[in-house]
Structure formats: structure tokens, C-alpha cells
Amino acid sequence: MTVSITPSTATLSKLYRERLDCVLAEADPAVVPSYNHRFSRQWFAERIGCSPKTLTQSPALRTRIEKWEKQYRRKAVHRQGVEPASDASIVVFKRKLNTGAILMVDVAVGLITKQTYTIPTLCWNGGLDEWVADYARHLVVWEKQEASSVEQAVKALRIFRRLQHKRNVRDKAVNDELLLAWQIAMTSAGIGVARRNYCISVVHDFFKWAEEQGHLLYHVQVRSRHEYSNLPEDYTFPLGSNEVEVKLPHGHSYLKWVSRLLEPGETSTFGSRHTPTATEVESLLTKAEASGRNSARNLLMLLVALETGARVSEIVQLKVGDFPNLDELAPFIGSNARSHLQVKVVRKNQGVGTLRFNKELVLSIVAFIYTDPQRQKIVSERRIGRNSNDDAVFLSEEGGPLSEDSVTRIGGGVFAEAGVENANIHRLRARFITEVIELQLDMLAEEGVTVNRSEAWENQVLMMAVELMGHSHPMSLRPYLNSVLNRRLTKDGRVLVRSPEDRERSLERLRSTLTERVVQHSKLSEADRMIASGDRAAAAVLLQQVIDALRLEPVGQL
């Protein structure tokens, strides 16, 4: 009688470990078959008497092979039936271009319950693009994206990788300048804004993933500046980012870090935000001026956004002490007056920046601070009863500074009354930036200058715009320049001259009239205060100044 004894699992595990140790000690890595830099598990399984699945599922066996593999991977050369070369056995093949092939590879994931995923994999003549392959696997397995969608992203990465290879740029040297060169090349090739933004976004997301995986360090901004505790204040990320709100159906949204090179426009990737036209700006200011007891405040907030390019987060930072008081206005009055005032603000995720206020706007703000009756009422009802340098310029009715949400809500109400859709006070910043660039191009157009899409020439235009705006870096203005150039640059390199209507409605033409509105409004407020206090003679003089200004105003002007 024969008795069959089945060894226990522990006994088998010990046996397999001992056999594998012997095989690894004697194996020549040069003769072990390898595929994609990985030694064949089937080869080892056959020699120790188990299945390849056992090698994968057993932590002890898997760790032994991985350790041995790491030690000998570079020595691995799979040889089979190699014969010495001779003149008769040599065949000359045409060299293949390193254009990259995308293979749809099925990958099984999971130790117990395996699930098969199809991963778009980018391969070059020299082998697998490991970063792109890992990123594609991340998108399919963890982000649950469809393989077809990921394939489109890999195609965009393949185009960018070709540019890297052509320019011999390593991953750690990729920066906004390289992305910009690619963006310009796509524009010259006639590729539309939507496709350009998609390609830039794919590459930016890819390098964000590399940063999060630890492949790169401080290369792409993926969180707010204040969360980087060990970076110098003036540090510039090679790949810059802006935080945007991506809106989803049913009112949902989320925040995402995107490339600052994304171009605005109706076909932009992130939203269809509208930049108000000159006519719409006129309507907005008219509505703001008639918006009730806080009309001077609301009008002035719009003007600050329009004329300085300030963000809402920067508007609410403005303090009384940032501006001269009534006794300090002399440098801003007269033929030799200062042209502007610079005010420091903390920019969202970007450190300290500068806002540039023209002298007319400075006078308007000072007049508002010290003469607007509604603001004076708010200040007088507080315990101190007078302005403090630490007070916000724009106060709520409770006496504290307006919040960002309040400014956005107030702006939204004015935009709704003016019938301007898909926009809010934030878009006045885009209007200002666009106008600054338009003015630079107007000067070139008047001189009949012929230009080309070279980085040097465009940087010159951007630097002039940066100087006017008080920006810290021209790269953040690049998308606006691209948008304007696509509209105004002819095929022979000339800048189209804007129509007289467009020129007359430019911000430079609007400034004197619009700021005078606030000054006159403040004069009326001051006259009202004088009448209330019994100083009717002084009030009459002030009212006569307003009447004279109105008589001089041309019919049809703002």
C-alpha cells in the first residue's frame, strides 16, 4: 500500500526559498532571459519547481529575486545562438528614425484578484519611456481614465518628447521657455488655441505627477507659496503654475494647478470666461455709478481692477496708509506731478508684487477716502471715529474690510445689471492686461514696424508691458500677447492698425474721463457735507466747479 504525503505550505515555502537561494547563487545573469530590463520569472520557476504565480505572490521569493535583479540588471545580456559576424552575414539596414511608437500593452494588477488594464506605452528605438509608461499606468489604474483618453495624452507627450530629444533637454532642465517655444511652433503651424492649451496642459500635468512622485524637486509649483517653508522668496519654479477653479456640471467645481502659459479665449481649456469689451466697460461703470449709497466705492473698485490689473485678493489689501493724505497730495498735482504711485501687495501663491496707480487714480482714491459721505459715516460710527492708516480703503457697512467674496458678489451684481455675461470683476484685470499689450502694438503699428514671432521681439513687448503694470515676470503675460498677436499680426509680419473706434475706446482714452467721474462724485459728496454743516458758500464754489466741468464735457462722452 502506497501512502501519499502532501507537504505543508510552510514546508514548501522553505523548500522553494532554499532552491531559489541555490539558483541565484549559481545563475549567470548573462544567460538568464530578460525582457524590458526584467529577468524572466518563468525561467526561475522552472528551476525551483513552482509556478511563476508563486514567485510573484510570495513576498520572500519576490524579494530575493528583486534584490538579485537589482544587483545584476546592468550585466544582463540575453544571448542565444550568436555567431561571429562576417562580411557575408552583415546586412545593412536603413536607420530607423527615433519617432516613438505607442503600444497598447495589457497589464495585470493585483496580488490575489488580478485585473487586466490596457496601458498606452511609449517606446523609442532605445527602449521604453519609463516615466511616460508609469504616468500612463497611473492615469489608467488609479485615475480610472479610459485607455483611449490616455492614449491621446501619450500622443501629446510623444510630440513634446521629440522636441526634448531634438534639443537634447533632460527632464530636469525642462522649463517654461521650452514649453513656450513649443507653443509658438504650434501657433506657427496653424494649430488652434484649444489644441495648444490641451498639449501644454498634458505636459504640465505630466511633470506635476513627476514632482509628486519625487522624480523632481521644486520643479513645478503644486501648492501655495506659503506651503514651501524652505524656498527663498524670489525663487522661480522652472515650470510655473496658476491655481484655477475648474467648473463642473450641476454647480460643482474644484481647484487645479495649471500652466501659466495657457491662452485665454473662447476655446480655452478652463472655462469660457469673457473679457469685457470697451462698450461693455462703459456700461459697467455707468451701472456702478448708479448702484446706491455705496456707488462711489463700487465704481472705484472697478476702476482699480481696470486700471491696475489688480486681483480681487489685492483690492481688499489696499490700506489708507498706502496712499497720501490730503496734506501730502502736492507731488501728484501740477505740470511736474508724479506719474504714478507703486503699492506693494501679496500676490496669491506668488509672493510680494507691485500695483501701479496712475496719478488720476491716486487723486480719486484719496478723494474717496476723505470725502465720500458713506465711507465717512461708517468711520464716524466706529469708536475711534477717524481714519487710520491700517484701515482698508474699501470698507463694509459694518466697518471692517470688504472680503474677497463680498467684492466678487458686488461686482457680479454690477455685471448682471449691465448685461455682461460669463464675466465678473476678475475679468477687468484681463481687460487691462490686454489693453496694455494693445497699446504697445499700436506704437509699432504707427511706425510700420515689421515683426516676427521670435522670442526676443516678443519678450521686448512683454517687458514694456511689465514695466507699465508693475508685474514681477513677463511670462505671466505671454498668453495675452499670443491672443492679441493671433488677431493683429498679418502673414507678412505687420501689426494691424486698430480702428479709430477701438483706439478711442482704449483705456488710455478712458482714463481721464473715468477718473474724473469719481473726483466729481466726491466733490458732490463734499458739497453735501458742507451744506449739512452750514458752510454754504464753500459748497457753492465746489458745485460750480462740477457744473463747469460738465459744460466742458463733449456730448456723447462718458
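Under our numbering, the letters of the sequence shown match residues 22 to 579, in that order. Ideal placement from N, C-alpha and C gives every residue a C-beta, glycine not left out. Fair warning: this is a prediction, and the values are worked out from it, not measured in the lab.
Per DSSP, cross-strand counterpart(s) of residue i
{"i": "Q363", "result": "R377"}
{"i": "D127", "result": "T139"}
{"i": "A122", "result": "C144"}
{"i": "F344", "result": "F344 pairs with nothing; no bridge assigned."}
{"i": "F389", "result": "The partner list for F389 (beta bridge, DSSP) is empty, contrary to what the question assumes."}
Nonlocal neighbours in the same chain, by C-beta distance under 8 Å from residue i, ignoring five residues either side
{"i": "K340", "result": "N410, D411, D412, A413, V414"}
{"i": "L323", "result": "L305, L306, A309, G432, V435, I446, L449"}
{"i": "K96", "result": "In this prediction, K96 has a pLDDT of 44, which is less than 50 and means its spatial position is unreliable; nothing more can be read from the coordinates."}
{"i": "E233", "result": "V243"}
{"i": "R314", "result": "Q395"}
{"i": "M207", "result": "R216, R217, C220"}
Residue interval of the alpha helix (DSSP H) (run including residue i)
{"i": "S417", "result": "Premise fails: S417 is in no alpha helix (DSSP H) and is neither H nor E."}
{"i": "L36", "result": "30-47"}
{"i": "S401", "result": "394-401"}
{"i": "I336", "result": "333-336"}
{"i": "R83", "result": "80-93"}
Residue i in three-state terms, based on DSSP
{"i": "L423", "result": "coil"}
{"i": "V190", "result": "coil"}
{"i": "F65", "result": "helix"}
{"i": "R368", "result": "strand"}
{"i": "R450", "result": "helix"}
{"i": "R318", "result": "helix"}
{"i": "D463", "result": "helix"}
{"i": "A351", "result": "helix"}
{"i": "G330", "result": "coil"}
{"i": "T296", "result": "coil"}
{"i": "A439", "result": "helix"}
{"i": "S304", "result": "helix"}
{"i": "A444", "result": "coil"}
Own chain residues within Cβ distance below 6 Å of residue i, not counting five before or after
{"i": "T307", "result": "none"}
{"i": "F60", "result": "V53, E90"}
{"i": "I86", "result": "none"}
{"i": "W278", "result": "V243, S262, E264"}
{"i": "A231", "result": "L237"}
{"i": "G420", "result": "I399, R403"}
{"i": "D127", "result": "T137, T139"}
Own chain, CB closer than 7 Å to residue i, minus 5 neighbours either side, in chain order
{"i": "R359", "result": "P352, F353, K380"}
{"i": "K35", "result": "none"}
{"i": "P141", "result": "I123, M125, A157, A168, V171, E172, V175"}
{"i": "A326", "result": "I336, I446, L449, R450"}
{"i": "K115", "result": "Its pLDDT being 49, under 50, K115 is placed unreliably in this model, and the value from its coordinates should be taken loosely. Nothing meets the Cβ criterion."}
{"i": "S72", "result": "A66"}
{"i": "L76", "result": "R62, F65, A66, L82, R83, I86"}
{"i": "L252", "result": "Y239"}
{"i": "E438", "result": "K308"}
{"i": "E301", "result": "A439, V441"}
{"i": "S427", "result": "S417"}
Heavy atom of the ligand ADP within 6 Å of residue i beta-carbon
{"i": "E151", "result": "Ligands in the displayed structure: none, and consequently the ligand ADP is not present."}
Proximity test, Cβ basis, 7 Å: residue i and chain D
{"i": "V383", "result": "In the displayed structure, chain D is absent; only one protein chain is listed."}
Along the chain, which unbroken stretches of the beta strand (DSSP E) at least 3 residues long are found entirely within the stretch 130-183? 136-145
Extract the residue ranges of the alpha helix (DSSP H) inside the stretch 196-284, only unbroken runs of 4 or more that lie entirely within it. 197-209, 214-233
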